[in-house]
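Each residue of the sequence shown is one higher than the one before, starting from 10 at the first, in this note's numbering.
We put the CB at the ideal spot given by N, CA and C, even for glycine.
Predicted model, so just to flag it, every value in this text is computed and none were measured.
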Amino acid sequence: MTLFEELTWRGLIKDISSPELEEKLNNGGLTFYIGTDPTGDSLHIGHYSSFLISKRLKQAGHNPILLVGGATGLIGDPRPSAERAMITKEEVAHNFACLKKQAEEIFGFEVVNNFDWCKDINFIDFLRDYGKHFNVNYMLGKDIVARRLEQGITYTEFSYMIMQALDFLYLYQHRDCTLQVAGQDQWGNITAGIELIRKKIGKEAYGFTMPLVTKSDGTKFGKSEGKAIWLDKHKTSSYELYQFLINSEDSKVIDYLKTLTFLSPDEIMKLEKANQEAPHLRQAHLALAKAVITDLHGEAEYENAVRISESLFSGNVSALSLEEIKIAFQDVPTFHPVINVSVVEMIVAGGIASSKREAREFVTAGSISINGKKVTDVDQIITKDDAICEVAFIIRRGKKKYYVGMLESA
Numbered sequence: 010m011t012l013f014e015e016l017t018w019r020g021l022i023k024d025i026s027s028p029e030l031e032e033k034l035n036n037g038g039l040t041f042y043i044g045t046d047p048t049g050d051s052l053h054i055g056h057y058s059s060f061l062i063s064k065r066l067k068q069a070g071h072n073p074i075l076l077v078g079g080a081t082g083l084i085g086d087p088r089p090s091a092e093r094a095m096i097t098k099e100e101v102a103h104n105f106a107c108l109k110k111q112a113e114e115i116f117g118f119e120v121v122n123n124f125d126w127c128k129d130i131n132f133i134d135f136l137r138d139y140g141k142h143f144n145v146n147y148m149l150g151k152d153i154v155a156r157r158l159e160q161g162i163t164y165t166e167f168s169y170m171i172m173q174a175l176d177f178l179y180l181y182q183h184r185d186c187t188l189q190v191a192g193q194d195q196w197g198n199i200t201a202g203i204e205l206i207r208k209k210i211g212k213e214a215y216g217f218t219m220p221l222v223t224k225s226d227g228t229k230f231g232k233s234e235g236k237a238i239w240l241d242k243h244k245t246s247s248y249e250l251y252q253f254l255i256n257s258e259d260s261k262v263i264d265y266l267k268t269l270t271f272l273s274p275d276e277i278m279k280l281e282k283a284n285q286e287a288p289h290l291r292q293a294h295l296a297l298a299k300a301v302i303t304d305l306h307g308e309a310e311y312e313n314a315v316r317i318s319e320s321l322f323s324g325n326v327s328a329l330s331l332e333e334i335k336i337a338f339q340d341v342p343t344f345h346p347v348i349n350v351s352v353v354e355m356i357v358a359g360g361i362a363s364s365k366r367e368a369r370e371f372v373t374a375g376s377i378s379i380n381g382k383k384v385t386d387v388d389q390i391i392t393k394d395d396a397i398c399e400v401a402f403i404i405r406r407g408k409k410k411y412y413v414g415m416l417e418s419a
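Pasting the structure below:
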């Protein structure tokens, strides 16, 4: 299987600028770039699915450049629905520094900033040297612009295409970069860059786009309960990432294995078969979580995520460290318990039951567990000795409803 055939099999080719690109990709030796704007201080899982192409092409003998757009980030790529909110220059500079460090650590390649070559271009030169090469009718025909015309698009957003094209031209002239790779929503900007290079210096450049990674309903892959899945483990823990990945839709998990991992086609096809024959074992989901977390955060983080998950599944929560408790239960209701009181008084004070009568019913029915141990005696006194690490009480009501009591010293 050639590189191009494998990229196609993995679902990583949407549009290509020229039939010649297939052979060029298979032969290796191209310098290419892929970019993002620093709209936040961390990349998210959507960036990972796109930027992973840099490792694939590197393995095939190509030379990657990762661009974090300190200049384009000040403008904002047009969105289909509305103009992006402007962020300050200080925020952009901070976000650039964070993303540069993160991208270098995760992907291991050089990161460049388009602010370096855009900051000294004055407005007149911008119009004379670049704007004159763009026909307005041509720009209006681009998909992202056309979709915004009914509600209106500002000149600032309209100019974004020229800025991205300028990036491609600069990297072509100064780094011999002949290929741009991006998500499918950037196709218009890529072709604008190819045209600018042809018009300005008479050279041929290339581009291809990748389909956006989506859920089965067509929405973007990368959010859980409305929260973005960040690549920074301090914003999205490895445990949270593990839960997100192993809960991937059955109908999409094989697609995610193709786009998000370096497992071979043979390995993925075996997992596909296993997923069909014994879906309850979730072998494909587990392989996805292991591959992604290990690549992002290392094997130790993956093993910790598995250990936390297994402890919660088995009910052996007392084996968790205080830090792991904070990670695993960060989204559940938390309260500061009073100790040396009965279990009934504690769960009423914690809002787990609305009254002492209801609390007694929960306890006598066997619905209450504290730190993994079922409590059935309504008169049982809860002391500091019952706490995990002397500070934490993990209270479960029923099968899935959790509460965490943290003594003030935590």
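Beyond the five residues adjoining it in sequence on each side, alanine 69 comes within less than 7 Å, by CB distance, of Leu12 and Gly37 in the same chain, given in chain order. Taking a C-beta distance under 8 Å as the contact criterion, isoleucine 390 and serine 351 qualify as a contact pair.
The C-alpha of aspartate 394 lies about 36 Å from the C-alpha of glutamate 234. Under the 8 Å Cβ criterion, the region 18 to 27 counts as touching the region 255 to 269, having at least three qualifying pairs.
Short of 6 Å from the beta carbon of leucine 205, and not among the five residues preceding or following it, lie these beta carbons of its own chain, in chain order: His142, Ala174 and Leu178. For alanine 191, the enclosing beta strand (DSSP E) begins and ends at 186 to 192. By the Cβ test, the region 286 to 306 is not in contact with the region 31 to 49, since fewer than three Cβ pairs between them sit closer than 8 Å.
The beta carbon of serine 63 sits closer than 7 Å to those of Ile43, Pro73, Leu75, Phe116 and Phe118, all from its chain and outside the five residues before and after it, given in chain order. Minimum Cα-Cα distance from histidine 53 among the listed residues Val120, Val222, Ala368 and Asp194 corresponds to Val222. In the DSSP assignment, arginine 207 falls within the unbroken alpha helix (DSSP H) covering 196 to 210.
Spatial neighbours of isoleucine 238 in its own chain (CB-CB distance under 7 Å, excluding positions within 5 residues in sequence) are listed in chain order as His53, Ile54, Gly231, Lys232, Thr245, Leu250 and Phe253. In this structure, DSSP gives isoleucine 403 an extended state, which the three-state scheme calls strand. In the three-state reduction of the DSSP assignment, proline 73 falls in the strand class.
Buried is the label assigned to histidine 56, since at least 16 other Cβ atoms lie within 10 Å of its Cβ. In this structure, the beta-carbon distance from alanine 80 to lysine 128 falls below 8 Å. Excluding residues up to 5 positions away in sequence, Val413 and Met415 lie with their Cβ nearer than 7 Å to the Cβ of threonine 343 in the same chain. Here histidine 306 really is in contact with serine 247; their C-beta atoms are around 5 Å apart, less than 8 Å.
Excluding residues up to 5 positions away in sequence, Val120 lie with their Cβ nearer than 7 Å to the Cβ of glutamate 113 in the same chain. Taking C-beta atoms as the reference points, isoleucine 277 and isoleucine 356 fail to come closer than 8 Å. Of the candidates Lys224, Thr200, Ser225 and Met219, Thr200 places its Cα closest to the Cα of glutamate 213. Boundaries of the beta strand (DSSP E) harbouring lysine 410: 410 to 415, taken from the DSSP string. Short of 6 Å from the beta carbon of cysteine 107, and not among the five residues preceding or following it, lie these beta carbons of its own chain, in chain order: Asp50. Within the DSSP secondary-structure output, lysine 236 pairs in a beta bridge with Ser233. The straight-line gap separating the alpha-carbon atoms of glycine 197 and asparagine 325 is approximately 53 Å.
Apart from sequence neighbours up to five positions away, the residues of its chain that approach isoleucine 334 with a beta-carbon distance below 6 Å are Ala401, ordered along the chain. Methionine 95 is positioned such that its CB atom lies no closer than 8 Å to that of proline 274. Inclusion of threonine 228 and aspartate 24 in the CB contact set at 8 Å is not warranted, their separation being larger than that value. In the DSSP annotation of this structure, phenylalanine 41 is not part of any alpha helix (DSSP H); the continuous beta strand (DSSP E) holding it starts and ends at 40 to 45. Rounded to whole angstroms, lysine 236 and histidine 243 show a C-alpha spacing of 14 Å.
Scanning Gln195, Asp194, Gly192 and Asp176 for the CA closest to the CA of cysteine 186 turns up Asp176. Valine 350 is bridged by DSSP to Ile391. Membership of threonine 268 in the alpha helix (DSSP H) is indicated by the continuous run 262 to 269. Proline 47 and asparagine 122 have their alpha carbons spaced roughly 10 Å apart.
Per DSSP, reduced to three states, the secondary structure at threonine 165 is helical.
Methionine 95 carries a coil assignment under DSSP once its states are collapsed to helix, strand and coil. Annotation for isoleucine 263: Ile277, Leu280, Glu281, Asn284 and Ala293 place their beta carbon closer than 8 Å to its own, counting only its chain and skipping 5 residues before and after.
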